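K.L.:
This structure is in structure tokens; I'll ask about it shortly.
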Amino acid sequence: KGVTPGDWTSYMNTKEWVGGTTIEGLYGASGMDFSLSKVTGSDLQGKKSWFMFDDEIVALGAGISSSNAGPQPVETIIDNRKLSDAGDNVLTVNGAAKSSQLGWSENMANVKWAHLAGNMPGTDIGYYFPEAASVYGLREARTGKWSDINGGQSATPITRNYTSLAFEHGATPSNAAYSYVILPHKDTAATELYSESPDVEVLSNTTDVHAVKE
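Sequential numbering from 1214 applies to the sequence shown in our numbering.
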């Protein structure tokens, strides 16, 4: 909020807890209590966790709150993925293909699953929503310069195509929450099948406990 990032400047989480653990090097869990209030002046905060299983990653968020986040609405990015040079990777939501035109955006209701075709064979990715969700989708060309984030780098404009999926929490959310499952390498049919018979169950998604069973 009103802060221009400085070159090589660290902006530290002001909360006291972040951590993770692994089980026999096969599965993992990470979590964080998050706020940048002392840096940005915004009271935006939340608690977020990621559970890494054999073929899925479960993401949970709770306690997402702010009374003065700033002029932009608060959102959680589900994914922000670089597309092919043509930018026409197929995005399928609940079995229906969305527009492949750059500039497309849509507030999609009751999303149970989604799938985005990869840039190469085997790089598809699926998404499953344990609680059917409202998801904002966007497909666009973006132009930027490395010097935008580091003054000593190239000022040559670079344009690439992206699709992003997000939860929109509004300008002043109070204890907002979300849950979704990332399914790397699954094609459209496998993603739909997974949504009908998921391997994971969210046991708790509160400000006290995040817990998932696989």
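A virtual CB, placed ideally from N, CA and C, is assigned to each residue, including glycine.
Because the structure is a prediction, the values reported are computed rather than measured.
So, are the CB atoms of Ala-1424 and Leu-1416 less than 8 Å apart?
P.N.:
A contact, by the Cβ cut-off of 8 Å.
K.L.:
Please list, in chain order, all residues of the same chain as Gly-1233 whose beta carbon is under 8 Å from its beta carbon, the five residues on each side excluded.
P.N.:
Gly-1241, Ala-1242, Ser-1243 and Gly-1244
K.L.:
Identify every residue that forms a DSSP beta bridge with Ala-1330.
P.N.:
Answer by DSSP bridge pairing: none, since Ala-1330 is not bridged.
K.L.:
Is there a Cβ of chain C sitting closer than 8 Å to that of Arg-1355, yes or no?
P.N.:
Any reference to chain C falls outside this structure, which holds one protein chain only.
K.L.:
Among the candidates Thr-1385, Ala-1330, Thr-1222 and Val-1422, whose CA atom is the shortest distance from the CA of Leu-1396?
P.N.:
For the residues Thr-1385, Ala-1330, Thr-1222 and Val-1422, the minimum Cα distance to Leu-1396 belongs to Ala-1330.
K.L.:
Once DSSP output is grouped into helix, strand and coil, what is the label at Trp-1359?
P.N.:
helix
K.L.:
With DSSP as the reference, label Glu-1409 as helix, strand or coil.
P.N.:
Residue state, collapsed to three classes: helix.
K.L.:
Tell me, to the nearest whole angstrom, how far the beta carbon of Asp-1256 is from that of Ser-1223; I am working on the premise that it is less than 8 Å.
P.N.:
Beta-carbon to beta-carbon, Asp-1256 and Ser-1223 are separated by about 21 Å, too far to satisfy the 8 Å threshold.
K.L.:
Among Leu-1239, Glu-1409 and His-1398, whose alpha-carbon lies nearest the alpha-carbon of Gly-1335?
P.N.:
Nearest option by C-alpha distance: His-1398.
K.L.:
Return helix, strand or coil for Ser-1367, following the three-state DSSP convention.
P.N.:
coil
K.L.:
So for Ala-1496, helix, strand or coil by DSSP?
P.N.:
Outside the displayed range of the chain (1214 to 1427) lies residue 1496, so it cannot be described from this structure.
K.L.:
Nearest to Glu-1237 by alpha carbon, out of Met-1265, Ser-1312 and Trp-1317?
P.N.:
Met-1265
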